[in-house]
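Last residue of the sequence shown: 485 in my numbering, with the numbers rising by one and none dropped. In this text, a Cβ means the ideal position worked out from N, Cα and C, and glycines have one as well. Quick caveat, the model's predicted, so the values are computed rather than measured. Below: the structure, in structure tokens.
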Amino acid sequence: MNGRTNPATEKLLILHTNDLHSAFEQMPKIASAFRERGEIHSDAHILKLDIGDHMDRVRTETEGSVGAVNVDIMNATGYEYVVLGNNEGLTFTPQLLQQMYAGRAHFQIIGSNIEECATGLIPNWLVPHAIVQKGPLRIGLIGVTARYNDFYELLGWHVTDPVEVVATLAETLRPEVDLLIVMSHLGLGKDQQMAQTIAGIDCILGGHTHHLLEQPLVINGTYICAAGKLGYQIGELEFQFARHEDGTYSLCEVSGRTIPVAPFADDEHVRSLWQDGLRASRVQLSEMVTVLEKPLKNDWYRESDLGNLLVRAIRHWTNSEIGIVNAGQLLRSLDAGAVSRLNLLEMCPSPINPCRMQMRGREIRTALEQSLRKEFQRKEFVGFGFRGKVLGSLCVDGLQIEYDRRRPPQQQITSIICNGEPFDDEREYIVGTIDMFTFGIGYLSLKEGVNRRYFLPEFIRDLLADALTDSEAIAIARQRRWKRM
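Shown next as structure tokens:
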């Protein structure tokens, strides 16, 4: 007996999350919400899915455990299938992903558009798609992730066009299943494109752009759903199927919604996993990096020793003429004494990579002028790897700048010397900076750089860790590069 009142119908309940970004405070409530919604829909088959970016290396728990705490909590929550987000695929090496998932995850990871560069194959912890049996129902799952090949290929991955992959798999899987779902870590625009152009998809569960759809969008009969960000809501989608005399099923009713998790009590087991993982991660990150004889100060709005040390490290790592980074990457100063890996994570949490590119002098000058303006220094934003509070002014290396606050905005710099030579607005310079700027975030003229080379898997905090052990680099960082006239 299965308790269903109408043997001619079958129900399927999908519970889904996306873009949690290691919001561990929400995870015990999500587990309770999944359990209680399943109990309410006791007459339905249940499928639990995550649409990527469950992990974020800004968090102590994820960084210290190399994602293991996230995996353990996902196991306890009952997830069955997940898709890789860019925060998993780009901030962990393939070796770390293998360590994280293989033999530990009780769920299956779907990677329909990701393969190894060297072999053209996918590793043993990924599947290209799945057909899930829930009672008599067969559900097809396609999982695709955003295509950042400039970054992925540096890690040994090749990511194929997700829309083309979905179109091919939809044609193949549609005759084999009663319901076809795309788990899409592509963003709302791509989800809408797929719904408009690809036949046979019943539902697209989305993420990546952190969009919240409290009710599904319906395009060409395809339901598009998403649950926002940071685990404040879960998504719930209910399907009802009619059974025909020949034993086949057809979809006859769909309803969907998002549900805030705040009213739910914490699942104590998941909470315990989180707290135990946090303690273990703090121990893991207590490893000492160096001992500072003197403090290194940081300031978001003016030149500081710590900002200078970071930008010098980026310039030297990328072998560039000029180094540029925003001071907002650093959240605090460092006191004299021992510095641990945890101190570095708390001070420089953004999983951002170094980058080298060619830029014309006038584009650099534009950004330097903007760096003197409060509206740029105090600009707040999130995303594209940035986990700071405000953009902050620009830290530079290889430049000596004089400026006069009495002059009009964008005309305050009176002199720039680059490595002992007068700065030339028309010359192209090799600039060491960060990947964030190439996306057009913050100081917009910096996105104009060409011949870009990204450095993975190093984060800027890894470069800073090395610089902190170099007494000569610290001494140079205490020298001023900006001079107010």
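What would DSSP say about residue 55, mapped onto helix, strand or coil?
Coil.
Distance between residue 323 and residue 313 (C-alpha atoms, nearest Å)
8 Å
Where does residue 382 land, buried or exposed, given buried means 16+ other C-beta within 10 angstroms?
exposed
Assigned secondary structure, residue 17 (DSSP; H/G/I helix, E/B strand, else coil):
strand
Could you pull the DSSP bridge partners for residue 253 from this structure?
240
Go through its chain and collect everything with a Cβ distance to residue 58's Cβ below 6 Å, but skip five positions before and after it.
349 and 387
Which value, in whole angstroms, describes the spacing of the CA atoms of residue 245 and residue 9?
12 Å
Could you give the DSSP three-state label for residue 79: helix, strand or coil?
coil
Hey, how far is the Cα of residue 270 from the Cα of residue 276?
10 Å
Could you give the residue range of the alpha helix (DSSP H) that holds residue 281?
268–284
Could you give the distance in angstroms between the alpha-carbon of residue 130 and the alpha-carbon of residue 112?
Rounded to whole angstroms, residue 130 and residue 112 show a C-alpha spacing of 10 Å.
Output the distance between the C-alpha atoms of residue 378 and residue 443, rounded to the nearest integer angstrom.
12 Å
Thinking C-alpha only, which one of 67, 466, 56 and 337 is nearest residue 311?
466
Cβ neighbour criterion (16 or more within 10 Å) applied to residue 461:
buried
What are the start and end residues of each continuous beta strand (DSSP E) run of 3 or more residues lying completely inside the stretch 388–443, in chain order?
394–397, 399–403, 413–418 and 428–434
To which residues of the same chain is residue 371 closer than 6 Å at the C-beta, ignoring the five residues directly before and after it?
393 and 394
Do residue 11 and residue 54 count as a contact pair if the criterion is CB distance below 8 Å?
no
For a minimum of 4 consecutive residues, which ranges assigned as the alpha helix (DSSP H) are wholly contained in the stretch 119–187?
149–152 and 162–173
Start-end ranges of the beta strand (DSSP E) lying completely within the stretch 348–389, minimum 3 residues
Within the stretch 348–389, the beta strand (DSSP E) runs of at least 3 residues that lie entirely inside it are, in chain order, 354–360.
DSSP state of residue 223, grouped into three classes?
strand
May I ask you to list the residues that DSSP assigns as paired with residue 454?
355
Among 90, 397 and 284, the one whose alpha carbon lies nearest that of residue 309:
397
May I have the straight-line CA-CA distance separating residue 160 from residue 114, to the nearest angstrom?
6 Å
Where does residue 4 sit, in a helix, a strand or coil, going by DSSP?
Residue confidence for residue 4 is low, a pLDDT of 45 falling below 50, so the modelled location carries little weight; the figure read from the coordinates is stated next. Coil.
Identified DSSP bridge partners for residue 326
394
DSSP three-state assignment for residue 35, whether helix, strand or coil
helix
Reduced DSSP category for residue 288 - H, G, I as helix; E, B as strand; rest coil
strand
Going by DSSP, what residue range makes up the alpha helix (DSSP H) through residue 205?
Judged by DSSP secondary structure, residue 205 falls outside any alpha helix (DSSP H) and instead within the beta strand (DSSP E) spanning 203–206.
By Cβ distance below 6 Å, which residues in the same chain neighbour residue 446 in space, the five residues on each side in sequence not counted?
367 and 437
To the nearest angstrom, report how far apart residue 293 and residue 459 are at their CA atoms.
Answer to the nearest angstrom: the Cα atoms are 25 Å apart.
So residue 66 is in the alpha helix (DSSP H); what residue range does that whole segment cover?
Taken as a continuous stretch (DSSP letters only), residue 66 belongs to no alpha helix (DSSP H), as it is neither H nor E.
Between residue 238 and the rest of its own chain, which residues show a CB-CB distance below 6 Å, the 5 nearest in sequence each way excluded?
Cβ neighbours of residue 238 beyond the five flanking positions: 13 and 255.
CA-to-CA distance, residue 124 to residue 34, given in whole angstroms
28 Å
Have a look at 157, 214 and 257 and flag the residue whose alpha-carbon is nearest the alpha-carbon of residue 116.
157
Supposed contact pair residue 235 and residue 258 - C-beta distance, whole angstroms, cut 8 Å:
5 Å
Check whether the stretch 354–367 and the stretch 448–459 are in contact - that is, three or more C-beta pairs closer than 8 Å.
yes
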